[in-house]
Amino acid sequence: MSMLVKRLPELSKIPHYYGYRYMLNPAVHNKIFDKLQLHKTYLNPGRLKVLDLYPGPAQHSVIFNNRLKPAQHVLMDARPDFVKHIGALISDEEVNSSTIELYEGDPYDWDSYTSMIDEHKVLTPSIKGLEAIHDEFLVMANLSGMIGEGLFMQWLACIGNRNWIQRFGRVKLLVWVQESTAVKLLAKPGDQLRSKCSVVTDAFTNTKLIATMEGRSPRDSKFNSDLLAKHEPIFFSAKDVWMPSGKPISLIEVNPNNHHVDLDNFDYVTKHLLILKSTPLSSALDSLGHGGKEYFRSVIRDEKLLQKCPKDLTVEEFMYCTKLFDLWPFKPDIYMDFIDVFQDND
Amino acid sequence: MLRYSSSSCRFAVLKRLNRQIRPVSHTALLRKPLNLDGTRTQSSNEDIGFLKSSAVSMTPGFNPFDNSDAVVQAGESRSIMNLWSLLEACLHSGYLDRAFSILKSLYGLKSHRNSFIDDYNKYLMKFAEGVTDLKVLDRKVFHDLQKNFPATEYNDKTLAILLHNALKIPTTNESRSEHCQTYLKMAVSGYRGIMSNVDILTVENYRTLVHDLKLVELSYLPVELRTLVDAADHTTETADSAPITPVGAGNMSGTKKEDTGLTLDRDIQSLKKDASELLAVDTIGMKVVRHTLLGITLTDDHRKQISEFNFNSASNLLNFEEGKENIDFFEIHRLLKTEDERAAFDKALDTFNHDRQHQLENRATDAAKERWKHDFEEAKARGDLSIQKKLNIKLWEWFNQMLPLVKEEVKRCTDIANKAVSDPSLSSQEKKQNKARQEYGPYLTLVDPEKMCVITILELLKLNSTGGVIEGMRTARAVISVGKAIEMEFRAELLLKNESHVFKDINKKSHEFKLLVQRARNTFRSMKIEESKILWPQEARAKIGSILISMLIHVAKVKVEGVDPVTSQKVEGEAPAFSHGYQYHNGSKLGVLKIHRSLVHQLNGERLVAAVQPQLLPMLVKPRPWKSWNSGGYYYTQSTLIRSKDSPEQVAYLKAVSDASAIDNVYRGLNVLGETSWTVNRKMFNIMSHVWNTGKPFLDIPGNENKLVLTPQPPRDADPSVHRQWKLKNKELANEFSSNRSARCDANYKLEIARAFLGERFYFPHNLDFRGRAYPLSPHFNHLGNDMSRGLMMFWNGKRLGSTGFKWLKVHLSNLFGFDKAPLDERVAFAESHVNDIKDSAENPLDGNGWWKKADKPWQALATCIELNEALKMENPHDFISHVPVHQDGTCNGLQHYAALGGDVEGATQVNLMPSDRPQDVYSHVAKLVVARLERAAAKGDEMAAILKDKVKRKVVKQTVMTNVYGVTYIGATHQIDKQLSSVFDDHKRSYEMSKYLTKHVFASVRELFEGAHLIQDWLGECAKRISKSIRLDIDEKAFKNGNKPDFMSSVIWTTPLGLPIVQPYRENGKKQVATNLQTVFISDPFAVNPINARRQKAGFPPNFIHSLDASHMLLSAARCGDYKLDFAAVHDSYWTHASDIDTMNILLREQFIKLHEVDLIERLKNEFDERYKNYLQILKIDKKSEVACKIVTLRKELSQKLGRQFTLADEIYMEKKRVQLLESEDPVEKANGAAMVTTVSLIGEAGDVGSLEKSNDASCIMVLAPLSLPQIPPKGDFDVRELENSKYFFS
DNA sequence: AAATTATCTACCGACAATATCAATATATATGGA
DNA sequence: TTTATATATATTGATATAAGTAATAGATAATTC
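So the protein lines, in turn, are chains A and B.
Counting in this note's numbering, the first sequence runs from 860 upward without gaps.
Counting in this note's numbering, the second sequence runs from 37 upward without gaps.
In structure tokens form, the structure reads like this:
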């Protein structure tokens, strides 16, 4: 493992790559691994398959591989410099793992997964039911780059839809994201940053903050203090992170749950209500469609609920609104809810 | 502009500009032998506007923002406008106290002091209305001017106001006379000065002063009024008609004779009013417009006039076909036999149309309301109040429900404005609301609530499905549109009021006198309307717009159907017709106002193309001639000469040169364009309307698609890429649907407007874009429109073809077919070879073999076929009276100007500046050059070249060559070429590779061909870049807020040959959020002065400069054609006139092009820049180790020590400013001090050749300030522009 | 002071993000002299 | 009555929003460490 550190100066030659940052302290990785208690989920490592997306320097891959001893561990990356680096890394005898392999493909591209899984059958996860977290498949990813947030949001939608790799079951995700993204995702009702994605996260997953970067002055984290108390994340230093410059990052653990959500209506209702996140429902509901205010006022008996603001609502309350919305005879066409971009041809 | 010395005068500037800088080279001497003889020199020295105008805009005293202190002005010009509009609003709403306090604020703005008296006068006028005692008024004025505003002096208008009130307020005759005498004695510039205020004094006032009190001689009155005042006196005394010469005889003297022929009495056949004729052909859409347009013909007064004419002159020709359409004036006119008859007819039509125009611009909203009411009452009478109500009935109901709300709100606003003290018992929310009311209240109380309701409803319907919203509109657009419409209405009423004022208290005695007044009104309309320069702030517009809209949302309901998801039963209910919400686009929120689907369907079904802006239709009378920067065009709808994109800077320049009457040539040209009379080509209209009614797609008319059907959603667990495809597909469908819808809508507008103008004579008022190109003011239907619009219209006047006209008509047809690259006789031959096709097309346009549809411009081709066919049917085709405009287009006009500027001989040849037997086709030529290059490269073994060399056709390079003039970038051109090549290569990647490669060669070829032109293009770009990165000495400190680099504020400004000052408006957009009732909207404040957008300044300047030249050429040609009484129209670089006049026009336009380019425009531009931007600074990077650099570093250190802090760039600039001020001082001591001063800039100046020190890449640089210097003008080629006099194909 | 990241990509006519909250600026009130 | 401080309110600024980067890639300006 020491050679990994040796490799660092070499890595610094790789040009900045759209904001990606990687934790490169083995000790921290080990601490993280301990905290995750993965063996409780993956009782039979011999059947475990791991998909490692945007592994970059792949230090964590090696560590996790050594400790988890999965049956198969596929690293997917397409960035030439990292591909080269990983190629060298896995052939290095010091790494000493026969289970790590590289699949050259862009994790951003949906086709990369279909071709890897369905076409080339490089990785073939088993299909599991929805009653528990998938116990033979783990996905790790580093989405700390600037496209990362967008991609994660799409993955979240995939959890809802149960497509992409979530079609194999409730597959656990370990994802490095920018701190700001983690803050958004983990915002609770009443938080300033409570937004659609945090509602969705609540609805579809059980997500935990595993590790996060220390602020310049200790404990000035953007995270809510209750949240920190609850999740007790590992704090690490910015010095352990490469690239040295960039935005702070956090590691989250995403455990998809067995949800039963009316997806499209839920999406529409949350999206629209959270635009007026500090406006009482009694007014905010009017923005759902023609006559929204009148309808919802007639069906919501709970005056206290009507006085609440969208940002204070729990997932259950959003679900309740969704249900009412669905029952609304004059509800608007939710599939026409987009702007037709102005573009002239020729 | 800095005001360094008070003594500098325009003269000096003028001299500087006029000096010959570029030495006349030997070649130039050879090229222009005529320069040596007097005649030529004279012609090139003749100023067509530039010299005078540029001198005005560069006089040191002139500042685009009307004051000397640039730091204050940016803030003040904005607050002045806000205060003005608020003052105006308060005055009209009668909030005098508040108005007075605004007045005080205005007085507080020093920069505004000079024109403050005008504001005071406005206030005084209103104040006086409520005064019943002259003494009170006197005291008030005295007190105000002495105590409240001591720095202000009254002017003649103040006196006119006092005079007017002295005559109005009841008092004894002695006292009245005494007062009047006092005021008259106080005159600032004589009695005439006072008397010229026709917006204050009324005809009756004048009459009293002249005839009763005998204080003023008739000759002191404005000339237009004398007859009328005299007549007023006669009629009051005798009540009998004395023979009266018409007022405004100046422009009507030629037709006086007919006047007497048309005596105004007797035998007035009162024609039956028949409303149904208007509806007969009506598809319910456009009723509002149609009613507005056609309804006015119904008044008996109008019919009377027509019938009088009919009765006296041509009774057998006038034929009202009952129950059909409006009177076909065109047909009547066409069939008239003599010129005299025509003139008489024209005159009658003119009088009639003046009235209609007046109605058109003023009564639009009323007309709409009447329509709704009518439909409602009709339905009620029938007992038909079914659930699916007709649209108009709904609208009428909404209107009626909305009205009380609006009235209530207006009342609240008035209460608050009057009370001023807020009740402490109110809740905080109410307090907030009242506060808001204080802000928008004054604006909301200006226009009749009824009108506001109608406007709101119409605007919202009009905006249906705009802005990319599927069933609705963007809120921001909606609130501003409503606000703007209210403002427009207010302004129209204001203009109307002003106009009527002078005639206000006349006792209308006789018919003759009424007519006289009528005539006087008409002359007055074009004479003396003082346009307001006040604009409401966007914020105010948005606010009142949102208030009104939210009230409409509140009341407007529609019946809706839905399905209960539980019971699956059909449910009926009522829902708001409009709903406010949001949609996301790329993560940004967008406020939308949705229209309920049932209403959208109804709108589609009824094909209501709600209210075309009735104020902005083509005009029935000649537009008001342009006289100043904001006076011209429509009569009651304010329009400005230039559509400045919210750029107060250009307006300021424009005002200055306009006031100095330096741009009269621009006005002349524009007025010629406006005077061209048009009519709808009825045959074409009938064909198109037939096609339209089938609802099927035809040529560029899209078919009628009912509703948007989206594809069904894929299964939940389908791959994300499938979901993505689905979304994409839906967006595409929606896009297609809405672009189809808007295209159909657009065509509908065109047809409906054309229908309304069938048989009418109409005109297009024009104004200019910021570069001086002319555009018709009326949207939708104008000659700049697509082929369809163009095919729909033709000249009102017909002219006999003659032999050349016949020839040109054939050429025109050939051109429309795209067969325009052959010599003229071949084009004639082309037309002649298709005689049978022409006949078939003309006679069976839809059922025949449709030859015309194959044309490039099928509709116009068809119109031409019809004319040609008619002509051919005649015994002598030359006798045919032709109406179709024939076009002469410049071949690549931009390149023509470039070639003339750059003097490229080869380039000039290729764009037909050189005489030639055949027209040259520059695109083919470039293609040839490219192929040659490729062949050479292929010979050297370049594979790509070998593959490409036989694939390069004219079409491949055309777009790129064309857009090259507009500064297309390498990457942009690659895309264009890729579009062409993508059909050749199946692999995208490969085709892109090839395109990249080919683009390089195309660029190189174009550059080779137009070398001089490109050097100029580069030079222009470089100048623009440096200017937009230059620093004014009096730069705002705030510009330094982000670091040591200031925000750059100077835009590129130049003066066109005609004297029009152009200011490139490209600045960073300074939009801000503004809170309204519904949501906040994100809008730009037009008075904010934002930093320059250097990139756009640079990229835009070369094309803009060229466009300003072609605009000048067009306006000059227009004016010339006007001199020759040609009907002239133009689409930038395509000039139109009658077939028979083409030869004349061709001579004139060549003459004007030569005249334009005889002066070395580039050199003159450089002089202008040098002058305008002298003392501006630029930031340079120079070698650290150079001598100057060392000196500067030392100086900086010194100064830094003295100051005890970092010596900043701002300090350096300030210091240099001081130095320049001292240097330009009158005082010799100061001057010497200035000369002795050493600044970082002066050090650079001493160093001389700065260019050699410039270093950009190296680390061993320091940043220094240097005087702005522009690059040297590139050398010019040998082409002599006068060659084109004989170039047949220059325009063809 | 170098390197990463964002923007724009042919001109004009032309047509537009918004809600919320923290932080600052300004106005008003209060208090003390 | 006048000036200084505290509080209230207005204005300004920052940030999040949604969720394929439209099919394409290079130059240049802006920003950041």
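All residues carry an ideal CB built from backbone N, CA and C; glycine is no exception.
Establish whether the CB of Arg752 (chain B) and some CB of chain A are separated by less than 7 Å. Along the second sequence, one-based indexing puts residue 752 (chain B) at 716. Closer than 7 Å to some Cβ of chain A, the Cβ of Arg752 (chain B) qualifies, so yes.
What separation, rounded to the nearest whole angstrom, lies between the Cα atoms of Leu87 (chain B) and Leu1096 (chain B)? Your numbering for residue 87 (chain B) matches position 51 in the second sequence. Your numbering for residue 1096 (chain B) matches position 1060 in the second sequence. Rounded to whole angstroms, Leu87 (chain B) to Leu1096 (chain B) spans 11 Å at the Cα level.
Using a C-beta cutoff of 7 Å, does Val1200 (chain A) count as contacting chain B? Position 341 of the first sequence, counted from the first residue, corresponds to residue 1200 (chain A). Yes, Val1200 (chain A) lies at the interface with chain B (some Cβ there is under 7 Å from its Cβ).
Under a CB-based cut-off of 7 Å, is Thr469 (chain B) close to chain A? Here residue 469 (chain B) corresponds to residue number 433 of the second sequence, with the count starting at 1. Reading the sequence as shown, one finds Gln at residue 469 (chain B) and not Thr. By this cut-off, Gln469 (chain B) is not an interface position.
Anticipated Cβ contact below 8 Å, Tyr1033 (chain B) with Arg990 (chain B), distance rounded: The count along the second sequence starts at 1 and reaches residue 1033 (chain B) at position 997. The count along the second sequence starts at 1 and reaches residue 990 (chain B) at position 954. Incorrect: roughly 19 Å between the Cβ atoms, too far for contact.
Do Leu629 (chain B) and Thr511 (chain B) have their beta-carbon atoms positioned less than 7 Å apart in this structure? As a position in the second sequence, residue 511 (chain B) is number 475, starting the count at 1. As a position in the second sequence, residue 629 (chain B) is number 593, starting the count at 1. For the pair Thr511 (chain B) and Leu629 (chain B), the CB atoms are nearer than the 7 Å cut-off.
Can you list, in chain order, the residues of its chain whose CB lies under 6 Å from that of Gly808 (chain B), leaving out five sequence neighbours each side? In the second sequence, residue 808 (chain B) corresponds to position 772, counting from 1. Taken in chain order, the residues that qualify are Thr1092, Leu1096, Ser1144 and Ala1147.
Residues in the segment 1171 to 1199 of chain A with C-beta within 7 Å of chain B's C-beta atoms, listed in sequence order? Here the close residues are Asp1185, Leu1186, Pro1188, Phe1189, Tyr1194, Met1195, Asp1196, Phe1197, Ile1198 and Asp1199.
Residue-chain proximity (Val1256 (chain B), chain A), Cβ-Cβ < 7 Å: For this step, residue 1256 (chain B) is matched to residue 1220 along the second sequence. The beta carbon of Val1256 (chain B) sits no closer than 7 Å to any beta carbon of chain A.
Relative to the C-alpha of Ser582 (chain B), which candidate in B:Phe614, B:Ala754 and B:Leu813 has its C-alpha closest? Here residue 582 (chain B) corresponds to residue number 546 of the second sequence, with the count starting at 1. Ranking B:Phe614, B:Ala754 and B:Leu813 by CA distance to the CA of Ser582 (chain B) puts B:Phe614 first.
Give, in chain order, every unbroken run of the alpha helix (DSSP H) that is at least 4 residues long and sits entirely within the segment 1045 to 1121 of chain A. List check, alpha helix (DSSP H) in window: 1055 to 1063 and 1084 to 1090.
Candidates B:His848, B:Ala400, B:Arg149 and B:Phe734, of which the one nearest Ala783 (chain B) by Cα: Along the second sequence, read from residue 1 onward, the residue named residue 783 (chain B) stands at position 747. Scanning B:His848, B:Ala400, B:Arg149 and B:Phe734 for the CA closest to the CA of Ala783 (chain B) turns up B:Phe734.
Helix, strand or coil, according to DSSP, for His1149 (chain A) in the structure here? For the purposes of this step, residue 1149 (chain A) is taken as the residue at position 290 of the first sequence. In this structure, His1149 (chain A) counts as coil in the three-state DSSP scheme.
Sequence-distant residues of its chain with Cβ nearer than 7 Å to Met980 (chain B) (five each side left out): What you label residue 980 (chain B) is simply residue 944 of the second sequence in a count that begins at 1. Taking C-beta separations shorter than 7 Å and ignoring five residues to either side along the sequence, the partners of Met980 (chain B) in its chain run Met1030 and Tyr1033, following chain order.
In the structure shown, what three-state DSSP assignment does Val1004 (chain B) receive? Here residue 1004 (chain B) corresponds to residue number 968 of the second sequence, with the count starting at 1. Val1004 (chain B) falls in the coil class under three-state DSSP.
Counted within 10 angstroms of its Cβ, other Cβ atoms place Gly939 (chain B) as buried (16 or more) or exposed: Taking the second sequence and counting its residues from 1, the one referred to as residue 939 (chain B) is at position 903. The C-beta of Gly939 (chain B) has 16 or more other C-beta atoms within 10 Å across all chains shown, which makes the residue buried.
In DSSP terms, what Ile1089 (chain B) is bridged to: Locating residue 1089 (chain B) in the second sequence gives position 1053, counting from the first residue. As computed with DSSP, Ile1089 (chain B) is found in a beta bridge with B:Val1099.
Ends of the alpha helix (DSSP H) at Cys781 (chain B)? Along the second sequence, one-based indexing puts residue 781 (chain B) at 745. Residues Pro756 to Ala792.
Beta-carbon within less than 7 Å of Trp844 (chain B)'s beta-carbon, same chain only, minus the 5 sequence neighbours each way: which residues are those? Looking up residue 844 (chain B) in the second sequence gives position 808. Excluding sequence neighbours, Trp844 (chain B) sits near Val922, Ala1175 and Ile1178.
Proximal chain A residues relative to Leu626 (chain B), where beta-carbon distance stays under 8 Å: Along the second sequence, read from residue 1 onward, the residue named residue 626 (chain B) stands at position 590. Chain order gives the chain A residues near Leu626 (chain B) as Ile1198, where near means a beta carbon separation below 8 Å.
How close, in whole Å, do the beta carbons of Pro1092 (chain A) and Ile1108 (chain A) come, if the pair is a contact with beta carbons under 8 Å? Working through the first sequence from its first residue, we reach residue 1092 (chain A) at position 233. Working through the first sequence from its first residue, we reach residue 1108 (chain A) at position 249. The Cβ separation is near 12 Å, so there is no contact.
Quickly, what does DSSP pair Ile631 (chain B) with across the bridge? List them, please. Here residue 631 (chain B) corresponds to residue number 595 of the second sequence, with the count starting at 1. According to DSSP, residue pairing for Ile631 (chain B) in a beta bridge involves B:Phe614.
Quick check: Pro809 (chain A) and Met935 (chain A), are their CB atoms within less than 7 Å of each other? Residue 809 (chain A) is absent from the model: chain A starts at 860 and stops at 1205.
Does chain A have any CB closer than 7 Å to the CB of Gln619 (chain B)? Translated into positions along the second sequence, residue 619 (chain B) becomes position 583. Contact with chain A is found for Gln619 (chain B), since one of that chain's Cβ atoms lies less than 7 Å from the residue's Cβ.
What are the residues in the segment 1010 to 1022 of chain A lying within 7 Å of chain B by C-beta distance? Result list: Gln1013, Cys1017, Asn1020, Arg1021 and Asn1022.
Consider the Cβ of Gly878 (chain A): report whether some Cβ of chain B lies at a distance smaller than 7 Å. Translated into positions along the first sequence, residue 878 (chain A) becomes position 19. No, because no Cβ of chain B sits closer than 7 Å to the Cβ of Gly878 (chain A).
Starting from Gln619 (chain B), follow its DSSP beta bridges and name the residues at the other end. Residue numbering aside, residue 619 (chain B) sits at position 583 when the second sequence is read from its first letter. Answer by DSSP bridge pairing, in chain order: B:Leu626.
For Trp969 (chain A), decide whether its Cβ has a neighbour in chain B, counting only Cβ atoms nearer than 7 Å. Against the first sequence, residue 969 (chain A) aligns to sequence position 110. Yes - at least one Cβ of chain B is within 7 Å of the one on Trp969 (chain A).
CA-CA distance, Tyr881 (chain A) and Gly943 (chain B)? As a working mapping, residue 881 (chain A) is identified with position 22 in the first sequence. As a working mapping, residue 943 (chain B) is identified with position 907 in the second sequence. Whole-angstrom Cα-Cα distance: 59 Å.
Pairwise C-alpha distance: Leu396 (chain B) and His327 (chain B): Stepping through the second sequence from its first residue, residue 327 (chain B) is reached at position 291. Stepping through the second sequence from its first residue, residue 396 (chain B) is reached at position 360. Only weak support exists for where His327 (chain B) lies, its pLDDT of 37 falling under 50; the value from the coordinates is given anyway. So the two alpha carbons sit approximately 10 Å from each other.
Separation of Pro1303 (chain B) from Glu685 (chain B), as counted between CA atoms: Within the second sequence, numbered from 1, the residue matching residue 685 (chain B) stands at position 649. Within the second sequence, numbered from 1, the residue matching residue 1303 (chain B) stands at position 1267. Between the alpha carbons of Glu685 (chain B) and Pro1303 (chain B) lies a gap of roughly 24 Å.
List the residues of chain A whose Cβ lies closer than 9 Å to the Cβ of His616 (chain B), in chain order. Residue numbering aside, residue 616 (chain B) sits at position 580 when the second sequence is read from its first letter. The contacting residues are Asp1145 and Ser1146.
C-beta contact flag for Ser1137 (chain A) and Leu1165 (chain A) at 7 Å: Along the first sequence, one-based indexing puts residue 1137 (chain A) at 278. Along the first sequence, one-based indexing puts residue 1165 (chain A) at 306. With contacts defined by Cβ atoms closer than 7 Å, Ser1137 (chain A) and Leu1165 (chain A) do not form a contacting pair.
Through-space distance from Asn851 (chain B) to Met655 (chain B), alpha-carbon basis: As a first step, residue 655 (chain B) must be located in the second sequence, where it is residue number 619. As a first step, residue 851 (chain B) must be located in the second sequence, where it is residue number 815. A straight line joining the alpha-carbon of Met655 (chain B) with that of Asn851 (chain B) spans about 30 Å.
In angstroms, rounded to a whole number, what distance separates the CA positions of Thr1230 (chain B) and Gly1105 (chain A)? Taking the second sequence and counting its residues from 1, the one referred to as residue 1230 (chain B) is at position 1194. Taking the first sequence and counting its residues from 1, the one referred to as residue 1105 (chain A) is at position 246. Approximately 39 Å, taken between the alpha carbons.
Could you say which of B:Ala135, B:Leu1306, B:Asn184 and B:Glu525 lies nearest to Ile1063 (chain B) if we only look at CA atoms? For this step, residue 1063 (chain B) is matched to residue 1027 along the second sequence. Of the candidates B:Ala135, B:Leu1306, B:Asn184 and B:Glu525, the one whose C-alpha sits nearest the C-alpha of Ile1063 (chain B) is B:Leu1306.
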